[in-house]
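If you read the sequence shown in my numbering, its first letter stands for residue 250, the second for the next number, and so on.
Glycine included, every Cβ here is placed at the ideal spot set by N, Cα and C.
Single-structure report; data block below.
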Amino acid sequence: MRETTLPTDSEPPTTRDVLRGRWEELRRRFFVGPSDPAARSVWRVSQIYWIVVLYSGLWIVCRTNGIGGDPLPTGSTVALTFLFALGAIHLYLRSVLTVRRGGYGSEHFSRISWLHTAIDLALVAATVRVTGGIDSGIWPLFFVIVVAESVLEPIREARWVRSGVCIALIAATMPFPIHGGAWMLELMTRLMFLVAVSIVAQRLRQNADREKNEIASLRAEMGLLEERSNLSREVHDGVGNALAASVLRLEVTARILAKQSDADAETPALLQEEARALREAMNEVRDWTFFNKPWSASADEPAGIGERLRSEVERLSRRTNLPMHVRGAERLGDLRNGAARLAVLRIVQEALTNAAKYATGATEVDVTIEREGDGLLLTVRDNGAGFDAAVAPAGVGMASMRERAAGLGGSLTVDSASGQGTTVSARLPLT
250 MRETTLPTDS EPPTTRDVLR GRWEELRRRF FVGPSDPAAR SVWRVSQIYW
300 IVVLYSGLWI VCRTNGIGGD PLPTGSTVAL TFLFALGAIH LYLRSVLTVR
350 RGGYGSEHFS RISWLHTAID LALVAATVRV TGGIDSGIWP LFFVIVVAES
400 VLEPIREARW VRSGVCIALI AATMPFPIHG GAWMLELMTR LMFLVAVSIV
450 AQRLRQNADR EKNEIASLRA EMGLLEERSN LSREVHDGVG NALAASVLRL
500 EVTARILAKQ SDADAETPAL LQEEARALRE AMNEVRDWTF FNKPWSASAD
550 EPAGIGERLR SEVERLSRRT NLPMHVRGAE RLGDLRNGAA RLAVLRIVQE
600 ALTNAAKYAT GATEVDVTIE REGDGLLLTV RDNGAGFDAA VAPAGVGMAS
650 MRERAAGLGG SLTVDSASGQ GTTVSARLPL T
């Protein structure tokens, strides 16, 4: 009977396994996304430049053989081959340095990026000059440089690159000796488009950076709010419950001692007094956890922020026994900025908390949201005793509200006077 041999883990890998492993290694190094650590290769870090260089080589081959136009002279072919080789060598060295110095836009790379850009401009200008100057079909290479540098490099360097590209284009296309003609209009048109594309790319970069910073700031603030929520929960569940248990034990002990005929009459009274003190401390802890637990809303549900605001205000009103009303909450759906939605909740929470704590004699508080031009006007008004805003110092809560409004490009004012209540007004942009 023939026995079947089963493969074991100790068997050597087959040729297919070896080839598959090599392919996976190449795929990780050259074709994975930039977020993968394996993508730090000279190909991936300058992929667009490599594609342009390879296409330029193909263009030289085609034009040398008369494809796409008249064949290039022998001298031009030799010069283009030399320029192509220099470009490939420089790109390889630039890619290696980019990988080692932390990538495009990093502080270490930016110190020498101007040198690489100058070499790129010189090579492209020489290529355009050799292939016909103003009639060259390869002059759009300048667009690659101006767009790439506007996106990859800091804004200050990108402005210098814009000027360098214009100078290189003029040097590459201006005829010698200089004379008037149609080339001047063509050159001005190209310069105009280069500058326009550079400005558009730079503004897109600025918008992307601004959104990135806003997201980072929002994530940091959400992290702080989460920590405050956790702290409030831990204090409520830990310290609050411990105080409640202590109060209960003291009260039970006081009752037991009161029933004993030989007990000191003052002892139960002292225990009851301590129990009342602990109960007051417990209530203060619970009030602290309630008022310091931050309101928050999901950043991807802008339409639900109005309902969230109403529910939080109603909850605060029930806790403080102070009537609170919200008008115009549906207008908060126009806020598309997650940081702005969060700021609205926190400003309203802080203003209502101040009213509940310090608005002596207040019988109601009104929260109003209105459209005002291109922004929102958020108003929190109470009918309490008020205070002299010129004399009373601004607390941490007031400063926090002002900082939140200013961080969004808005403003916050506080109007109050003795016997006239207090009004907190925040003006916030919609964008």
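For residue i, which residues from the same chain have a beta carbon less than 7 Å from its beta carbon, with the 5 sequence-adjacent residues on both sides left out?
i           : result
residue 369 : 394
residue 647 : 663
residue 337 : 302
residue 558 : 575, 578, 581, 594 and 597
residue 435 : 383
Cutting at 8 Å between CB atoms, please list the residues of its own chain near residue i, excluding the five before and the five after it.
i           : result
residue 454 : 399, 400, 404 and 407
residue 676 : 621, 624, 625, 626, 627, 654, 659, 660 and 661
residue 390 : 301, 305, 373, 376 and 377
State yes or no: is the beta carbon of residue i nearer than 8 Å to at least one beta carbon in chain C?
i           : result
residue 443 : Given the protein chain composition of this structure (a single chain), no chain C is represented.
Using the rule of at least 16 other Cβ atoms within 10 Å of the residue's Cβ for burial, across every protein chain shown, is residue i buried or exposed?
i           : result
residue 342 : exposed
residue 631 : buried
residue 549 : Legend: pLDDT at residue 549 = 46, less than 50; position of this residue unreliable, value from coordinates given subsequently. It counts as exposed.
residue 456 : exposed
residue 412 : exposed
residue 673 : buried
residue 276 : Residue placement at residue 276 cannot be trusted, given a pLDDT of 47 that sits under 50; what the coordinates show is reported in the next sentence. Exposed, because fewer than 16 other Cβ atoms sit within 10 Å of the Cβ of residue 276.
residue 431 : exposed
residue 437 : exposed
residue 563 : exposed
residue 573 : buried
residue 379 : buried
residue 599 : buried
residue 576 : exposed
residue 251 : Confidence at residue 251 is low in this model, with a pLDDT of 43, below 50, so the placement of that residue should be treated as unreliable; the coordinate-derived value is given next. With fewer than 16 other Cβ atoms within 10 Å, it is exposed.
residue 323 : exposed
residue 327 : exposed
residue 317 : exposed
residue 312 : buried
residue 309 : buried
residue 618 : buried
residue 307 : exposed
Between the alpha carbons of residue i and residue j, how many angstroms are there, rounded?
i           : j           : result
residue 555 : residue 668 : 31 Å
residue 664 : residue 636 : 9 Å
residue 396 : residue 446 : 7 Å
residue 464 : residue 419 : 42 Å
residue 449 : residue 439 : 15 Å
residue 579 : residue 589 : 15 Å
residue 218 : residue 444 : Nothing can be reported for residue 218, as the shown portion of the chain is limited to 250 through 680.
residue 409 : residue 422 : 20 Å
residue 551 : residue 651 : The predicted position of residue 551 is uncertain, since its pLDDT is 46 and thus under 50; no value can be drawn from it.
residue 468 : residue 561 : 22 Å
residue 442 : residue 596 : 46 Å
residue 282 : residue 348 : Summary for residue 282: the model assigns pLDDT 41, below 50, so the residue's position carries little reliability, and this model does not support an answer.
residue 299 : residue 587 : 39 Å
residue 656 : residue 504 : 57 Å
residue 319 : residue 462 : 52 Å
Between which two residues does the alpha helix (DSSP H) harbouring residue i extend?
i           : result
residue 558 : 554-569
residue 339 : 323-349
residue 591 : 587-607
residue 413 : 404-422
residue 302 : 296-313
residue 394 : 390-401
On the DSSP letters alone, give me the boundaries of the beta strand (DSSP E) that residue i sits inside.
i           : result
residue 621 : 614-621
residue 661 : 660-665
residue 630 : 624-631
residue 674 : 671-678
residue 574 : 573-576
For residue i, I'd like the list of residues in its chain whose CB is within less than 6 Å of its CB, leaving aside the five on either flank, ordered along the chain.
i           : result
residue 633 : 608, 609, 610, 611 and 670
residue 605 : 569 and 571
residue 314 : none
residue 451 : 399 and 407
residue 339 : 368
residue 666 : 635
residue 388 : 377
residue 365 : 343
residue 321 : 312 and 313
residue 363 : none
CB of residue i to nearest heavy atom of the ligand SAM: below 7 Å?
i           : result
residue 589 : This structure does not include the ligand SAM; it has no bound ligands of any sort.
(Q) Whether or not the segment 384-393 and the segment 320-338 are in contact is what I'm after, with contact meaning three or more pairs of Cβ atoms, one per stretch, closer than 8 Å; do they touch? (A) In short, these stretches do not touch, since the Cβ pair count stays below three.
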